[in-house]
Amino acid sequence: MAAAPALAPSLAQAQSTSVYGTPGLIETPTAEMYPDGTLAFTSGVLDQTLRATMTFQMLPWVHGSFRYAVIEGFDGEIGDRFDRSFDLHFQLREEGRTSPALALGLRDFGGTGIYASEYLVATKTIRDRLKLSGGIGWGRLAGRGSFSNPLGLLSSRFDTRSDPRAGNITETGRLDFGNWFRGEAALFGGASWAYSDRLTLLAEYSPDLYTKERDRIGFEVSSPFNFGAQYRLKNGAQVTAAFMYGTTLGLNYSYFIDPRQSVAPGGQGASPPPLQPIDRVALASWNLPDTAAPGRRQQVLTRSLELEGLRLVYLEDAGGTLRIGVENGTYGQAAQAVGRAARVLANTQPARVQSFDIALMSNGVPLSSVRIARQDLYELEHDPDGAWRSFARAEVSDSLTLVRGGFTDAAYPNFSYRFGPYLQASFFDPDAPLRYEIGAQMGLDYTAAPGFTLSAGLRQPAAGNLDDSQRQSNSVIQRVRSDWGIYARESDLRVEHLTAEYIWRPGTDLYARTTAGYLETMYGGLSGEVLWFPADSRLALGAEVNYVKQRDFDVLFGFQDYSVATGHVSAYYDLPGEYHAQVDAGRYLAGDYGATVTLDREFANGFKVGAFFTLTTVSFDDFGEGSFDKGIRLEIPVSWLTGRPSRDRLAQVIRPVLRDGGARLNVRNRLYGVTREARAQQLAKGWGRFLR
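Oh and the sequence shown: position 598 is 598 in the UniProt record's numbering, straight run, nothing missing.
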């Protein structure tokens with residue numbers, strides 16, 4: 001993991017993290033924020049309760065949290081409670097020279113309501129080291145010393161607060177608007193003092209009476225005062241120990257990640273080839289007309305590109321311009337692949353070639369083309385702003401009109417394979433905080449002709465507890481995903497996919513895909529898709545239609561009786577900054593109709609943090625626990641962890657619960673994912689690596 005961002009005391013910047021995993025003192029919130037983009041992971045324990053929280057600073061003025069809590073014995077004879085909850089925290093005003101920061105927050109606004117509370121809090125820094133916080137809270141934060149809700153002056157509806165869920169599992173996931181900021185209120189507050197750059201002392205007054213825990217597990221609260229000490233380790237992580245409510249000890253650990261800062265910021269990969277003087281390149285044996293054997297220049301170019309991790313599949317000499325098509329199997333940023341290809345061309349081509357059209361290809365399908373002037377490479381090689389100046393001079397266009405059949409003889413057919421370990425993890429399901437499976441996997445791809453690929457994926461589990469789940473689906477709709485535990489238990493060697501796929505270009509800015517076979521772990525059938533995506537557009541529009549049948553639980557070659565036609569129309573948009581939005585509307589696997597909304601924050605290095613929710617014609621009651629499909633997703637480039645060029649990513653979707661409503665087919669190589677890296681917007685984001 002990367003070192004944490006520096007968290008030295010500053011105006012409105014979080015100095016400490018509470019046991020709830022958010023900026024705060026010990027249990028009470030403050031009006032502070034983490035540095036923009038920070039990911040904070042916190043694990044806190046007190047008495048019979050464990051809380052694990054992931055907090056993401058989505059914007060400079062808002063952060064969101066997902067929390068998983070284990071409360072021993074909370075459900076009596078049933079056993080422990082595994083509780084999931086979400087928080088949102090908005091900074092209404094930054095701290096000024098004389099004025100405090102002001103924030104408003106919602107805690108546990110979509111779970112069982114065990115921790116449900118709302119608050120308005122202010123924080124002021126005094127002489128850098130002392131921070132004072134105070135606020136008013138509702139719900140759980142309105143226990144001790146409560147008084148009539150001051151918002152009752154605006155409307156009498158704020159005077160009462162109901163507890164319809166009362167911790168009822170079956171009603172989780174619903175936004176309880178009717179209770180927000182309602183009922184009695186109470187005050188809370190405290191202070192933190194940075195004794196040194198590493199040690200901070202904490203004290204607070206908390207009105208939380210732990211009523212639910214008192215009634216169910218006998219938690220005792222004899223005092224509203226909590227005292228603690230937080231120590232910051234050299235890597236930026238925090239450890240906090242506290243004496244809480246006069247009866248118990250609390251301990252929490254927080255680790256921070258800055259997605260922009262990779263583990264090996266300088267990179268571990270090989271440096272790009274230095275540019276050779278044009279006159280020296282002209283004198284190379286493969287460029288001399290009286291000594292160069294036919295095809296020698298192409299052989300040198302092919303070999304030189306291979307050394308840079310690129311595969312030459314297309315070559316056309318148009319006099320002063322050389323057009324090539326390359327497949328990038330090495331670099332996470334397509335711009336780096338373009339930069340390496342441009343250097344290779346400059347070092348291998350005769351002086352008469354003054355510009356290069358470099359088409360980015362995927363299995364022989366042209367995605368986009370970048371025109372680079374040869375002279376620009378030499379002129380900007382040592383310019384401090386050379387990368388960005390080169391992008392301003394480059395031309396990005398649809399490569400369809402440039403690629404016209406000049407595929408190299410050795411390009412196709414092409415066979416490739418992958419073999420290695422895999423880890424499949426499931427976090428925070430209703431019965432266990434972590435389930436996992438490890439094993440070996442193999443992928444085979446045979447591209448018989450441009451765009452046409454036969455592919456297979458096999459997995460052999462070796463160890464884990466993913467198949468230990470005894471949770472029985474109680475779904476009242478078609479069980480299209482909730483039987484995942486049966487698939488894990490009844491399968492051994494698995495055919496994850498076995499497909500024939502054809503991707504082609506119907507016209508300018510258009511892409512199409514047809515896939516047939518065993519499409520994913522649970523379904524097989526036929527899938528078709530079209531995508532409109534201009535090279536310089538932030539917007540892309542697509543449509544997909546599938547007819548699939550549910551596979552047998554052994555994940556081999558048989559099918560069950562259930563079949564369904566499903567499909568979606570999709571809109572994708574690159575928002576200004578680091579944000580990306582996607583909306584998919586259509587018919588899902590259980591036959592329900594609705595839409596999925598996804599919002600991601602994508603950093604220039606490929607690190608992605610996002611969230612999604614799906615609402616369909618399946619009612620909250622019929623959906624069951626969780627009420628509707630929603631979750632958080634993370635994508636971490638392997639290069640972020642290792643510093644070495646890689647296209648591999650570690651992807652994880654964190655769902656509070658996996659049910660059947662809003663379930664979509666997981667078909668491979670959806671066109672937007674295949675094409676996006678080669679569009680102008682993505683090339684611009686990664687162009688800082690053009691010269692690397």
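The beta carbon of each residue, even a glycine, is placed where N, CA and C say it ideally should be.
Query: Whole-angstrom distance between S18 and T248, CA atom to CA atom; Result: 16 Å
Query: Cutoff 7 Å; reference E602; Cβ partners in own chain excluding five residues on either side; Result: E578, H580, K608
Query: With 16 other Cβ atoms within 10 Å as the buried cut-off, status of F177; Result: exposed
Query: Buried versus exposed call for Y518 [16 or more other C-beta atoms within 10 Å across all chains shown]; Result: buried
Query: Euclidean distance between Cα positions of A194 and D128; Result: 8 Å
Query: Residue burial classification, G183 (beta-carbon count within 10 angstroms, cutoff 16); Result: buried
Query: A500 to L50 span [Cα, whole Å]; Result: 48 Å
Query: Burial state of A8, where buried means 16 or more other Cβ atoms lie within 10 Å; Result: Low per-residue confidence applies at A8: pLDDT is 37, beneath 50, and the placement is therefore not dependable, though the value from the model is reported in the following sentence. Exposed, since its Cβ has fewer than 16 Cβ neighbours within 10 Å.
Query: R494 beta carbon less than 8 Å from that of V555; Result: yes
Query: Assigned secondary structure, P461 (DSSP; H/G/I helix, E/B strand, else coil); Result: strand
Query: Where R51 sits in the DSSP three-state scheme; Result: strand
Query: Span of the beta strand (DSSP E), counted from its first residue to its last, around R479; Result: Careful: R479 lies outside any beta strand (DSSP E) and carries neither H nor E.
Query: Run of the beta strand (DSSP E) containing G517, from where it starts to where it stops; Result: 510-518
Query: DSSP three-state assignment for V300, whether helix, strand or coil; Result: helix
Query: Cα-Cα separation, P450 to Y593; Result: 36 Å
Query: Close Cβ partners of D574 (< 7 Å) along its chain, the five nearest in sequence each way excluded; Result: R538, H580, Q681
Query: Expected contact under 8 Å - CB spacing of A546 and L526 to nearest Å; Result: The question names Ala, yet the displayed sequence has Asn at residue 546. Rounded, the Cβ-Cβ distance is 7 Å, consistent with contact.
Query: Assigned secondary structure, Q261 (DSSP; H/G/I helix, E/B strand, else coil); Result: coil
Query: Pairwise C-alpha distance: G591 and L615; Result: 13 Å
Query: Proximity below 8 Å, CB of G662 to CB of T566; Result: no
Query: Supposed contact pair Y422 and R389 - C-beta distance, whole angstroms, cut 8 Å; Result: R389 to Y422, Cβ: 42 Å. No contact.
Query: When L307, G332, W138, E27 are compared against D648, the one with the closest alpha-carbon; Result: G332
Query: Of the residues T22, A488, V45, S426, the one placed nearest S65, counting alpha carbons only; Result: T22
Query: Contacts around A264, its chain only, beta-carbon distance under 6 Å, and the 5 residues preceding and following it disregarded; Result: G643
Query: Best match in A440, T514, L691, S43 for proximity to Q238 [C-alpha to C-alpha]; Result: S43
Query: First through last residue of the alpha helix (DSSP H) which encompasses I78; Result: It is not in any alpha helix (DSSP H) - I78 carries neither H nor E in the DSSP assignment.
Query: C-alpha gap between R84 and R67, whole angstroms; Result: 6 Å
Query: Host beta strand (DSSP E) of Y328 (start-end); Result: Per the sequence presented here, residue 328 reads as Asn, with Tyr not at that position. Unbroken beta strand (DSSP E) run through N328: 321-328.
Query: Proximity of G439 and Y417 at Cβ, strictly below 8 Å; Result: no
Query: Nearest neighbour of A456, chosen from L498, R435, S475 [CA to CA]; Result: L498
Query: Distance CB(A186)-CB(P207) smaller than 8 Å; Result: yes
Query: Identity of the residue in F243, L650, P259 nearest N252 by Cα; Result: F243
Query: Straight-line gap, R93 to A31 (C-alpha atoms, nearest Å); Result: 9 Å
Query: Residue closest to A462, alpha-carbon to alpha-carbon, out of I486, T514, Q424, N363; Result: Q424
Query: Exposed unless 16 or more other CB atoms sit within 10 angstroms - verdict on P384; Result: exposed
Query: Simplified DSSP state of R84, which is helix, strand or coil; Result: strand
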